[in-house]
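Okay, structure first, notes after.
Protein chains in written order, with our numbering: chain A, 1459 to 1793; chain B, 1459 to 1793.
Take a look at the structure:
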C-alpha cells in the first residue's frame, strides 16, 4: 500500500488555500456533500455537530482549525480553547491541539505546515496499523462496531485499515458491520466505505452480534478507540463493551486498532475517562422521523469503556501490544 | 387489579360483530389507528406485517382469525394453515390455533366463544403473572427489552404486567426501555404504554444496557418470551441474549415473564426453536428514510435464544419456576 493508492481513496477532509473541506458525515450515504470551513469557529461547530467524527479525524480537523485561526489572526489561546471544548472523550483532539501549541508560534504558514504534517502522519500511521494488524485477523468473518475507517481518520482507517490490509494481502475476510445506534456510523459510513473498497460486508443491528457469535458466524472483532488509558482500558463508541462481553463469552478474539496519539498515559484507567452525554434527539429521531413519544426521558452516553482484560491485542503504528498492556503500551508510545 | 381497571387500559385488539379491530402497531406512537379485519386472510396479513405482534397477542388474533374464517364458511383446515404460516417462532400462535381446532366444530358462534375465552384467559394470565412477579423485582431500575406489554398480549402485559403490578403495589420502580432495533418496539410501544401508565421510563439504545449495568444503574431485567423450551431456554426478540450476557456479568437478576401457553414442552432445548429471518428493509430503512447503502447485504434474525442458565426465574400465571427449570416448568404447565 502506498500513498499513491490512497489518492483514489476515501478521505473525510481536504485542506486547500486556507479552507478545510469536510465530507459531511451526517448526509452519507445518501449524499456526498463537502462542507467548507473558512473560520476556526466553523471547524469547531463541524466537530461538535459530527460533520467530521472519529478520534483521529477530529485531531486532524482541529489541527487545521488552529492554522485557520492563525490566518484569521484570532488569539491562539482562544482558538485552542474553542476547539478543545467541542468533544470531551477522544484524546486525539487534545493531543493535536497541544502539538500545535507546542510549536510556539502564531505564524499561520508554520502552523499550516504542522497541521499538514499531523494529517500526513495520521495516514502513514493507519497504513502501518494495517500492516501490523492484518496478520492477526483469522480468515472468516470479522465484526466491527461504529466506523474506524478512512472516514474516521486522515484516510485508510484504523480498524478498517487492518481489514483493508488483510483483504489486499489476499485473506478471505468478510465483514459484519454493527449499525451502531444512535448515530448509525456503521450503517451509514462503514457499510458505505467498505462497499467502495469492494469488501464483502453485511449490515446487522447492534443487538445481533452476540447471537451470531453464539452461532459461530464471527471469527474476530476489531474496533477503533477514542481514548486508551495506560492500563489498556479502551473508550470507544457506545456498544463496544457489549460486543466485548459477547466476544469473551464465545472465545472470539477482540482487537483494538488506534494510532499512538489515542493512547493517553496520563489517564491511568478507564474509570478516569470522561464519557460524553449527547442530546436526546439523537435517540428519539432518525432524520426527521420521530420514533418515540415526545415525553419520554432519554440517556445517550456517546462512549463506553472496555476493560483491558477483554482485549487480545492493541494495534498501533509502532507495533502490537498484548496483555499486560501497562508496560507494553508505554514502550510502544515512547519507543 | 381487576378487569374493571383494564377497561380504561391499553388493548391491542377488540372483537366486535365478527370484525377484529387491531391497533396498528406500525403507526404508534405518532398515530393511534385501528385496522378492521373482516376476513381470516386480513388477520393473517396483519400478523405477518406486524400490525399486531407479541406472542400472546398473536395467539389471540389467530384465534379470532379462525372464528372469522368460520363465519366466512372457509374450509377450517385452510384457515388454520394460512394463519399458522404467518410467523414461525412464537409458539402461542400454534397453541391458539390447535386449541380452536380441538373444539372439533365449524360452528362460527362456538369458535367465537372459544376465541373470546382465549383472549379473556390471556388477560387473566397477565394479571396473575403480575401478581406472582411483582415481589421478585428489587426497587430501583428495571431494564426491559422489546415490548412484552399490554400491546403484546390480550392486555396488561407479561414483563410490563410485572412492572405495572410492582408499581401499583407502591414499589419504587423506574424503567430503562431498550429501543429494540430493528422494529423499535421499545421506543415506539413500551415507552408509549409505560408513559400512559404513569411509570418513570427512560429510553436507551440497545447497545447502552451493558454500559449502564457496569455503572450500577440497573437492578434487574425482565423480558417476555416467544417460546420457552422444556429446558428453560427462551426465545425472545433479537438482542435479549446480549442483555442476558451483560446481566450475568454484572450480577443483575434476569427474569422472564410469559403465560404457560408460551412454554413448549415438545421443544426440548433452544437449539430446536426455529428463528425467523425477516426482510432486509427493516434494517436498512426507518420509515421512508434510507439509513444504509442500497447495495449492502443484511442479516435480520427476529429472535435469539437465551440459555436457561442465564435466567433467574420464569414467571407464569401458575407461579414462579426457578432453575433447574426442566422439572419446575413441567409441573407448572401441567399443574
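Here a beta-carbon is modelled for each residue, glycine too, at the ideal position from N, C-alpha and C.
C-beta neighbour in chain A for residue i, strict 8 Å
| i | result |
| --- | --- |
| residue 1488/B | yes |
| residue 1711/B | no |
| residue 1719/B | no |
| residue 1615/B | no |
| residue 1475/B | no |
| residue 1508/B | no |
| residue 1608/B | no |
| residue 1663/B | yes |
| residue 1697/B | yes |
| residue 1640/B | yes |
| residue 1553/B | no |
| residue 1704/B | yes |
Distance between residue j and residue i (C-alpha atoms, nearest Å)
| i | j | result |
| --- | --- | --- |
| residue 1654/B | residue 1512/B | 19 Å |
| residue 1688/B | residue 1768/A | 34 Å |
| residue 1649/A | residue 1529/B | 50 Å |
| residue 1748/A | residue 1742/A | 6 Å |
| residue 1606/A | residue 1691/A | 18 Å |
| residue 1470/B | residue 1491/B | 11 Å |
| residue 1669/A | residue 1523/B | 33 Å |
| residue 1561/A | residue 1729/A | 32 Å |
| residue 1608/B | residue 1596/B | 22 Å |
| residue 1631/B | residue 1475/B | 40 Å |
| residue 1438/A | residue 1544/A | The structure shown does not extend to residue 1438/A, since chain A spans only 1459 to 1793, so no value can be given for it. |
| residue 1777/B | residue 1592/B | 12 Å |
| residue 1750/A | residue 1547/B | 26 Å |
| residue 1785/A | residue 1763/A | 20 Å |
| residue 1637/B | residue 1572/A | 44 Å |
| residue 1559/B | residue 1616/B | 26 Å |
| residue 1683/A | residue 1696/A | 11 Å |
| residue 1633/A | residue 1484/B | 31 Å |
| residue 1519/B | residue 1515/A | 52 Å |
| residue 1487/A | residue 1554/A | 28 Å |
| residue 1700/B | residue 1678/B | 15 Å |
| residue 1536/B | residue 1501/B | 14 Å |
Beta-bridge pairing of residue i - partner residues as DSSP gives them
| i | result |
| --- | --- |
| residue 1633/A | 1600/A, 1659/A |
| residue 1474/B | 1477/B |
| residue 1756/A | 1661/B |
| residue 1712/A | 1679/A |
| residue 1778/A | 1773/A |
| residue 1695/A | 1761/A |
| residue 1537/A | Residue 1537/A is not bridged to any residue. |
| residue 1743/A | 1748/A |
Identity of the residue in the options nearest residue i by Cα
| i | options | result |
| --- | --- | --- |
| residue 1527/B | 1566/B, 1785/B, 1517/B | 1566/B |
| residue 1624/B | 1644/B, 1598/B, 1643/B, 1606/B | 1598/B |
| residue 1495/A | 1628/A, 1789/A, 1521/A, 1737/A | 1521/A |
| residue 1736/A | 1507/A, 1518/A, 1555/A, 1668/A | 1507/A |
| residue 1667/B | 1479/B, 1635/B, 1647/B | 1635/B |
| residue 1574/A | 1477/A, 1638/A, 1596/A, 1591/A | 1477/A |
| residue 1711/A | 1722/A, 1770/A, 1700/A, 1682/A | 1770/A |
| residue 1680/A | 1708/A, 1525/A, 1714/A, 1639/A | 1714/A |
| residue 1793/B | 1775/B, 1744/B, 1780/B, 1781/B | 1775/B |
| residue 1619/A | 1789/A, 1525/A, 1782/A, 1468/A | 1468/A |
| residue 1726/A | 1787/A, 1525/A, 1772/A, 1553/A | 1787/A |
| residue 1499/B | 1694/B, 1628/B, 1542/B | 1542/B |
C-beta neighbour in chain B for residue i, strict 8 Å
| i | result |
| --- | --- |
| residue 1754/A | yes |
| residue 1750/A | yes |
| residue 1645/A | yes |
| residue 1596/A | no |
| residue 1459/A | Note that residue 1459/A has pLDDT 45, beneath the 50 cutoff, so the model's placement of it is unreliable and the number below is only indicative. Chain B contact via Cβ: absent. |
| residue 1745/A | yes |
| residue 1467/A | no |
| residue 1692/A | no |
| residue 1621/A | no |
| residue 1797/A | In the structure as shown, chain A begins at 1459 and stops at 1793. Residue 1797/A is therefore absent and cannot be evaluated. |
| residue 1540/A | no |
| residue 1734/A | no |
| residue 1726/A | no |
| residue 1501/A | no |
| residue 1637/A | yes |
| residue 1669/A | yes |
Heavy atom of the ligand NAP within 7 Å of residue i beta-carbon
| i | result |
| --- | --- |
| residue 1611/B | The model depicted lacks the ligand NAP and carries no ligand whatsoever. |
*Could you say if the stretch 1715-1731 of chain A and the stretch 1718-1726 of chain B meet the contact criterion of at least three C-beta pairs nearer than 8 Å?*
no
*Should the stretch 1658-1667 of chain B be regarded as contacting the stretch 1754-1765 of chain B, the criterion being three or more beta carbon pairs within less than 8 Å?*
no
_Under 8 Å: do the stretch 1584-1591 of chain A and the stretch 1689-1708 of chain A share three or more Cβ pairs, one atom per stretch?_
no
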